[in-house]
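Asks: I'd like to ask you about the structure that follows.
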Amino acid sequence: MSRTAGTHDLGTDRTENNGRTPMSTPENTRLQAVFNDLQPTIEDLIIKHDVTQEEFQQAIAFLQDLAEADELMLASFFYFGWGVIMANEGRAYANPEKDGASTYVPTGPAYVPGAPLLERPYKLPMRPDEPGEPLLVSGQVRSTSGEPIVGAEIDIWTANKAGDYSNMTREMIQPMDFPLDESLPPFNLRGKMLTDDEGRYEYWQVMPGIEWLGLREGGPLDGFFKKLGRVEARPLHIHAIVSAAGFHPLTTQTHFSDDPFIGKTFDPRTTPASSVYDTQLHDDPADFKARGLDTPYHTMTIDYVLRPAAPAV
Ligand SMILES: [Fe+2]
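All you need for our numbering is the position in the sequence shown, starting with 1, plus 351.
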């Protein structure tokens, strides 16, 4: 590269982009917009909490520890992935308080497509000796205007009593690492069903178990969970994708109001109050025997409210 002649030799040619001058590209404009918001947001937080030099350095050192332990990506997912998902996949169900739509809760890593379409009376596929207390789930699928949705498809998947999902491989859960029960039959506790002429559905499953996150014990992320007083697990939940022609598909999870883990797991916002439902225990022998059961059972009512998709223009 030739240098321009002149009395002040700046060591670079200012007439060409030599990598030191700003480049205006759409990507850079986007980066500038986000970073120019990020900087004062973090600065406000630092000032609000009187963060000291020492605490700031500890935070940077913690990020370095996460990176060295190969846990930076996982930590980013746990603590900031929620926002990214809500800004993208969850956008169609943002602000459910506006119209009473159901709450979007992310799919999670255990979803697999292709679950069988079940036949009535509905019961999720399960082993003959499937451990766990029986749970009868029923409810209605309707639109935000209150109309029942006939023939809506509800795709359910849930962990078994031990907290394991069927159809899972080690690759699917990386970088988490927890024991997998690979002996489960395919599509155990996974299935699809359709709503009836009143938009209603009813099916049997078993009460789900605790889904642990599989963090490396003693690692920086494990230590951080403990310092935050949060549990390295998900609250009990049932996953669902509810879809019907003319409506945005809804991905959600239902949580249990008597679960002590509510609000104490990796991110309390992943269990919004509107996704938490009561269960009723039915322990009268005459009642459960009449249903062909030899143990008490639980019931739960979950209504799913879908938003109409915007008409094509
Ligand atoms: Fe799950």
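For each residue, glycine too, the CB sits at the ideal point set by N, CA and C.
When DSSP labels each residue in this structure, what does G434 get in the three-state scheme?
Replies: Helix at G434.
Asks: Comparing the CB of A510 with every heavy atom of ligand 1, is any distance shorter than 7 Å?
Replies: It does: the Cβ of A510 is within 7 Å (strictly closer) of some heavy atom of ligand 1.
Asks: Can you list, in chain order, the residues of its chain with a C-beta nearer than 8 Å to that of F413? Leave out the 5 residues immediately preceding and following it.
Replies: Closer than 8 Å at Cβ, skipping near neighbours: P571 and F575.
Asks: Within 7 Å: the Cβ of R541 and any heavy atom of ligand 1?
Replies: False, no ligand heavy atom lies under 7 Å from that Cβ.
Asks: Starting from the C-beta of Y430, find all residues in its chain whose C-beta is less than 7 Å away, skip the five residues before and the five after it, and write them out in chain order.
Replies: Within the same chain, Y430 has close Cβ partners D618.
Asks: Specify the secondary structure class of P447 as computed by DSSP and reduced to three states.
Replies: Three-state DSSP puts P447 in a helix.
Asks: Distance, Cα to Cα, P647 vs A513?
Replies: Approximately 19 Å between the Cα atoms of the pair.
Asks: Among D547, D573, H588 and R581, which has the Cα closest to the Cα of E422?
Replies: The shortest C-alpha separation from E422 is found at D573.
Asks: Enumerate in chain order the residues of its own chain whose CB-to-CB distance from V501 is below 8 Å, with the five nearest sequence positions on each side excluded.
Replies: For V501, where only same-chain residues beyond five positions count, the Cβ hits under 8 Å are T546, D547, D548, E549 and G550.
Asks: Would you say G497 touches ligand 1, meaning its beta carbon is less than 7 Å from a heavy atom?
Replies: No, the beta carbon of G497 sits no closer than 7 Å to any heavy atom of ligand 1.
Asks: When you compare each of R620, V656 and N379 to A595 by their alpha carbons, which one comes out closest?
Replies: Nearest option by C-alpha distance: V656.
Asks: Per the DSSP calculation, A584 is bridged to which residue(s)?
Replies: DSSP lists W563 as partners of A584.
Asks: Let's test the definition: count the other Cβ atoms within 10 Å of the Cβ of R620 and tell me whether it reaches 16, buried, or not, exposed.
Replies: Under this definition R620 is an exposed residue.
Asks: Buried or exposed: Q604, going by 16 or more other Cβ atoms within 10 Å of its Cβ?
Replies: Buried is the call here.
Asks: Might you give, ordered along the chain, the residues of its own chain that have their beta carbon closer than 8 Å to the beta carbon of M527, omitting 5 neighbours on each side?
Replies: Result list for M527: L425, P460, L564, G565 and L566, in chain order.
Asks: Buried or exposed for P586, going by 16 or more other Cβ atoms inside 10 Å?
Replies: Classification for P586: buried.
Asks: Beta strand (DSSP E) containing G502: first to last residue?
Replies: No beta strand (DSSP E) contains G502, which DSSP labels as neither H nor E.
Asks: Taking the DSSP output, what are the residues bridged to E553?
Replies: Answer by DSSP bridge pairing, in chain order: S489.
Asks: What residue range is occupied by the uninterrupted beta strand (DSSP E) comprising F607?
Replies: L601 to F607 is the extent of the beta strand (DSSP E) around F607.
Asks: Would you call the CB atoms of S608 and V582 closer than 8 Å?
Replies: Going by C-beta atoms, S608 is not nearer than 8 Å to V582.
Asks: Which value, in whole angstroms, describes the spacing of the CA atoms of A503 and A637?
Replies: The alpha-carbon atoms of A503 and A637 are separated by roughly 34 Å.
Asks: If you measure between the beta carbons of G597 and P659, is that distance less than 8 Å?
Replies: Cβ atoms of G597 and P659: closer than 8 Å.
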